[in-house]
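Heads up: the sequence shown begins at 23 in my numbering, then just goes up one per residue.
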Amino acid sequence: MTPLVLAANVGLSFAALAALCLSLNRHHAEVFDRKAERTAVLRLRLFGWGAIALSFVVAGLFEGWAFGPVQWIGALIGAAAALVLLLSYRPRFVAPAALAALAAAALPLAFLAASA
23 MTPLVLAANV
33 GLSFAALAAL
43 CLSLNRHHAE
53 VFDRKAERTA
63 VLRLRLFGWG
73 AIALSFVVAG
83 LFEGWAFGPV
93 QWIGALIGAA
103 AALVLLLSYR
113 PRFVAPAALA
123 ALAAAALPLA
133 FLAASA
């Protein structure tokens, strides 16, 4: 199940890091041409940290607690590298890419939950 868990973790990690990134005024203004409202910042931060925690739990439950955290760190690093590249070259694509990553993570998560 490693490819499914890895796909779910990378998708969740990318969406989480993008949400945390967009909760910062500089990046939010770069992507949306306006500063973030206080409620939007709180929602983005809550979702970001929640998705990071969920990806950790998914990695631990489906890959075991010996290898799961290692895979989780790798997924976070890969998602962070992709986000940095996307922010550097196409910042307007961050929000659609985060939604696509979240949708792409939902399919493996649904399959994993059904098989558990």
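Ideal placement from N, C-alpha and C gives every residue a C-beta, glycine not left out.
DSSP state of residue i mapped onto helix, strand, coil
i	result
residue 138	coil
residue 119	helix
residue 52	helix
residue 112	coil
residue 29	helix
Same chain, Cβ closer than 7 Å to residue i, five either side skipped, listed in chain order
i	result
residue 114	53
residue 50	44, 57, 58
residue 76	34
First and last residue of the uninterrupted alpha helix (DSSP H) at residue i
i	result
residue 87	Residue 87 -> no alpha helix (DSSP H), and no H or E assigned at all.
residue 45	Here residue 45 belongs to no alpha helix (DSSP H), and DSSP marks it neither H nor E.
Own chain, CB closer than 8 Å to residue i, minus 5 neighbours either side, in chain order
i	result
residue 134	23, 26, 27, 30, 80, 84
Cβ shell of residue i (< 6 Å), same chain only, five flanking positions each side left out
i	result
residue 78	94
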